[in-house]
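Novice: Before I ask anything, let me first share the structure, which is written out below as structure tokens.
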Amino acid sequence: MEALRESFMHLTFQMSTYKRATLDEEDLVDSTSDDIYPSSPMQVTLLHGRGPTCWPDRTQRERRLLFLLCIVSVGLFISLITTGVFYKQTHPGLCLTEPCINVASSVMESLDRSVDPCHDFYNFACGGWVKNNPLPEGKSRWGPFSNLWEHNMLAMKHLLENTTMKGLSKAEEKAQRYYQACMNEAKIDKLGAKPLQELISQIGGWALTEPWDKDNFQEVLRMVSASYRTSPFFTVFVSTDSRNSSSNIIQVDQSSLGLPSRDYYLNKTANEKYLTAYLDFLVELGVLLGGSKETSQALMQEIVDFETTLANITVPQEERRDEELIYHKMEAKDLKTLVPAVEWIPYLTEVFAPVPLNDTEPVVVYAKEYLQKVSDLIIKTNKSLLNNYMIMKVVRKMVSILDQRFQDAEQRFLEVMYGTKKSCTPRWKLCVSDTDSALGFALGAMFVKATFTEDSKAIAEDMVAEIKWAFEDSLKYVSWMDSETKKAAKEKADAIYNMVGYPEFIMNTTKLDKVFNDFEVVSDFYFQNVMQYYNFSARVTADQLRKTPNRNQWSMTPPTVNAYYNPTKNEMVLPAGILQAPFYRRSWPKALNFGGIGVVMGHELTHAFDDQGREYDKDGNLRSWWKNSSVEAFKKQTQCMVEQYGNYSINKEPLNGRHTLGENIADNGGLKAAYKAYVNWIKKNGEEATLPALGMTNHQLFFVGFAQVWCSVRTPESSHEGVITDPHSPSRFRVIGTISNSHEFSKHFGCKADSAMNPKHKCELW
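Just so you know, we're using the working numbering here: the sequence shown kicks off at 147 and counts up by one.
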């Protein structure tokens, strides 16, 4: 009892002290003035040192009042403690660590507070960044992706130049030699155009430098396709059979053109300056390879005219989105009927040597009508022009590996094509990029060991699991889809295979060396190394034919700042290169990590259910696994996005909502899944501290972090090219398009109904 009374006295003193501390001085009651607010007997006892011996002197009433007061005091104390704990959970204070202060400063610098976030969230989030980031010289576009890639390239440069490193594998040493040969400009300049001129002679020559009248179309087509990996009239490759994902098969499709899109050739008035620059570039290449200005001008004009004819029969990408419609499986002998202009069995035999082929070899064709038209075009076109065109495809591919004169000619073309300011791009950047293309997994092993921590991989894998949970949980509330298809969709999401950081084989020296064993790299002869790479690449491709697709085979190298989803393997890949700031940093608030890399993860996962990915089942097979009612409902829902994004324009040029549909679906689904995963993380872990000085809740920070990943500047020419060719919407619309469909965004930013970022009618899918 004595101990209990002492506890009460201590509590009363604490409560009294708390009350005084929270009141203004003039609000305190003068206890000597009257008896309206008498002093607490316990307080008097404590303050004047009187002990519990006073208790017997109290009347029965006083004792009851005193006991009641004690009970009330204890209850109030418990209530305050509970309130304090709850307040701490819901108002955890500021994060004042160095990483938090640094990232808060970065976020703040990118903002433009003068813009109402409910009116234009992109400019609110990115206005400061755009103001502070003029386009660097020689760049047609710039943003966080570009900045991070530059950072990764610098890391790769140091690794490739450090020839004193101990314990490198043979493959890693080959990467260093390949880079060093590329950097040997003296040797490259000394050889000049000679390596390419000799190569053209080996192919059979062309009309640029000598009289030409040969009947060697089939031989030249086979050689430029097999040995130099070009695709003059169509492209042939090995990939997973969309209807049988357990086997690799030969596939045939329409080829690309010299300019980024068919639109450049067809709309000549709008694209006159690009066509003129392209022709001038080709003429200059002809002169550098020994032709006269007059001969080169005539020959290259014929080539541009021929490409314009090819552009006319090329099918626009937006008309090729339904893969079930464009998939046609046949035997190799059937290609002769479809495309009689080509001798297919000798062609395929040489392209996929040393794998033996016969006329029953299965082939998938993705451009049936195009191939029929291109066959007719080949048959009726002058054989000299066909030869000139095939040789020009080889020349274009070799420009970047020749001497500085060729580099300068290409630079002048790119300045017009993409609106870049003239600049001298350091040679090392070209060489790092090319080494990444040729020996990216050997270089990737060096990059991962130097820059990537294993806990980053584990944390990213945990985040993927949280994003996947969020997506699957949202499926329950998708009103337009029937329950049976929902169940199958959940099974597909469950089955998505996640690959994070890097493929395991690159960390095993024996396995890595085995992959690049047949790739011979010599010192100092860059052109020869590139030719060796083409031969090596051809053998690797041929070796995949008829085999089961390898789960460990990546389409991106570890340093790449990007991610992808592969529908035939039902897998999503997140290379080490993107698992860095501004997408992710371990020491950052979860709001930024979920808004950055979390949205990227959600984006790739949602690709499994976009207008193309949804056609593949959980095993990666192209088949009808949806009920017809859900297919029709899906098309109705997606039409909303086609129209929404089709109403956006950049530089008065409207976007193509059909062409960008898949990426827009992924952007919207990715944002929704990442936000839901973040909210779930808070439920499990409690609110995290907020960043200082921003005056933002972490929910607001999530959306700002998402938007600031897409801050960018771009030339008008590059924007034009993007509208025509890019399946992604321009950065600005990747932000405001998704944000304006988000109920959660409008809630946390308090956007009024029908404000620009909170339209009444929202497009909702996943």
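Cβ atoms here follow ideal geometry from the backbone N, Cα and C, with glycine treated the same way.
Which residues in the same chain have their Cβ closer than 8 Å to the Cβ of ILE396, if we skip the five residues on either side of it in sequence?
Specialist: Cβ within range, chain order: VAL382, PHE383, VAL384, ALA478, LEU494, PHE498, GLU507, PRO508, VAL509, VAL510, LEU691.
Novice: What does DSSP give as the partner residue(s) for TYR384 in the beta ladder?
Specialist: The amino acid occupying residue 384 in the given sequence is Val; Tyr does not appear at that position. Looking at the DSSP assignment, VAL384 forms a beta bridge with ILE396.
Novice: Write down the C-beta distance between THR460 and GLN400 rounded to the nearest angstrom, noting that I regard them as a contact closer than 8 Å.
Specialist: Between GLN400 and THR460 the Cβ distance is about 6 Å, and since that is below 8 Å, they are a contact.
Novice: Between VAL562 and PHE593, what straight-line distance do the alpha-carbon atoms span, to the nearest angstrom?
Specialist: Distance between the alpha carbons of VAL562 and PHE593: 35 Å.
Novice: Pick out whichever of GLU331, LEU503, LEU431 has its Cα sitting closest to the Cα of VAL541.
Specialist: Checking every option, the nearest Cα to that of VAL541 belongs to LEU431.
Novice: Got a sec, what are the start and stop residues for the alpha helix (DSSP H) GLU464 sits in?
Specialist: Taken as a continuous stretch (DSSP letters only), GLU464 belongs to no alpha helix (DSSP H), as it is neither H nor E.
Novice: Could you check the C-alpha separation between GLY815 and SER251 for me, to the nearest Å?
Specialist: Straight-line Cα distance between these residues: approximately 29 Å.
Novice: Between LEU342 and PHE380, what straight-line distance do the alpha-carbon atoms span, to the nearest angstrom?
Specialist: About 23 Å.
Novice: Please list, in chain order, all residues of the same chain as ILE537 whose beta carbon is under 7 Å from its beta carbon, the five residues on each side excluded.
Specialist: Same-chain partners within the cutoff: ILE346, ILE349, TRP352.
Novice: Just to confirm the assignment: which complete alpha helix (DSSP H) runs, minimum length 4, are found wholly within the segment 468-509?
Specialist: Here the runs fully enclosed are 469-472, 478-484, 490-497.
Novice: By the three-class DSSP mapping on this structure, what secondary structure does TYR794 have?
Specialist: Coil, per DSSP.
Novice: Taking 6 Å as the limit between beta carbons, can you name the residues of its chain near GLY741, skipping five residues before and five after?
Specialist: The answer, listed in chain order, is PHE848, GLY851, PHE852.
Novice: If we count the other Cβ atoms within 10 Å of its Cβ and call it buried at 16 or more, is VAL668 buried or exposed?
Specialist: Result: exposed.
Novice: Just to confirm my understanding: we take GLN846, look at its own chain, exclude 5 residues before and 5 after, and list those with CB closer than 8 Å. What are they?
Specialist: Only HIS894, PHE895 meet the Cβ criterion.
Novice: For the pair the segment 754-772 and the segment 801-817, tell me if three or more CB-CB distances fall below 8 Å.
Specialist: The answer is yes - the segment 801-817 touches the segment 754-772, with three or more Cβ pairs under 8 Å.
Novice: For SER864, collect the residues of the same chain with a Cβ closer than 7 Å to its Cβ; drop the 5 residues on either side in sequence, then sort them by chain order.
Specialist: Cβ within range, chain order: SER286, ARG287, TYR564, GLY565.
Novice: With H, G and I counted as helix, E and B as strand and the rest as coil, what does DSSP make of THR714?
Specialist: THR714: coil per DSSP, three-state reduction.
Novice: Find out if the Cβ-Cβ distance for the pair TRP912, THR752 is shorter than 8 Å.
Specialist: Yes. Within cutoff.
Novice: May I ask which residues mark the beginning and end of the beta strand (DSSP E) holding GLY647?
Specialist: Note, GLY647: beta strand (DSSP E), 643-647.
Novice: Could you compute how far the alpha carbon of LYS906 sits from the alpha carbon of ASN767?
Specialist: Spanning the two alpha carbons is a distance of roughly 38 Å.
Novice: Which one or two residues does DSSP pair with ASN904 in a beta bridge?
Specialist: In the DSSP output, where bridge partners are listed per residue, ASN904 has SER901.
Novice: Can you list the beta strand (DSSP E) stretches of 3 or more residues lying completely in the segment 581-637, in chain order?
Specialist: For the segment 581-637, not a single whole beta strand (DSSP E) run of length 3 or above is found.
Novice: Just to confirm the assignment, what range does the alpha helix (DSSP H) spanning GLY808 have?
Specialist: Taken as a continuous stretch (DSSP letters only), the alpha helix (DSSP H) holding GLY808 covers 807-831.
Novice: Could you name the residues that DSSP lists as bridge partners for TYR564?
Specialist: TYR564 is not bridged to any residue.
Novice: Do you know offhand how far PRO838's Cα is from ILE828's?
Specialist: Whole-angstrom Cα-Cα distance: 19 Å.
Novice: Apply the 10 Å Cβ neighbour rule to ALA823 and answer buried if 16 or more other Cβ atoms are within range, or exposed otherwise.
Specialist: Looking at its Cβ environment, which holds 16 or more other Cβ atoms inside 10 Å, ALA823 is buried.
Novice: With C-beta atoms as the reference, is ILE547 less than 8 Å away from VAL676?
Specialist: Their beta carbons are under 8 Å apart, which means ILE547 touches VAL676 by this criterion.
Novice: Checking 8 Å against the spacing of the C-beta atoms, do SER707 and GLY723 come in under that value?
Specialist: Strictly speaking, residue 707 in this sequence is Val, with Ser absent from that position. Against a cut-off of 8 Å, the Cβ pair of GLY723 and VAL707 comes out as a contact.
Novice: Which parts of the segment 513-542 are runs of the alpha helix (DSSP H), unbroken and 4 residues or longer, counting only runs that do not cross its ends?
Specialist: Counting whole runs of 4 or more residues, the segment 513-542 contains the alpha helix (DSSP H) stretches 514-526.
Novice: Going straight from the alpha carbon of SER901 to that of LEU305, what length do you get?
Specialist: Roughly 51 Å between the two C-alpha positions.
Novice: Tell whether a beta-carbon distance below 8 Å holds between MET302 and ASP582.
Specialist: The answer is yes: Cβ separation under 8 Å.
Novice: Between GLU464, GLN790, LYS638, ASP554, which lies nearest to GLU717 when the distance is taken from Cα to Cα?
Specialist: Checking every option, the nearest Cα to that of GLU717 belongs to LYS638.
Novice: What would DSSP say about ASN698, mapped onto helix, strand or coil?
Specialist: Coil.
Novice: Hey, quick one: how far does the alpha helix (DSSP H) through LYS316 stretch, first residue to last?
Specialist: Here the alpha helix (DSSP H) through LYS316 covers 316-329.
Novice: In its own chain, which residues sit with a C-beta less than 7 Å from the C-beta of ASP258, not counting the 5 before and 5 after it?
Specialist: So the list reads ASN269, PHE270, GLY273, GLY274, once near-sequence residues are dropped.
Novice: In this structure, does DSSP put VAL855 in helix, strand or coil?
Specialist: Here VAL855 sits in coil by DSSP.
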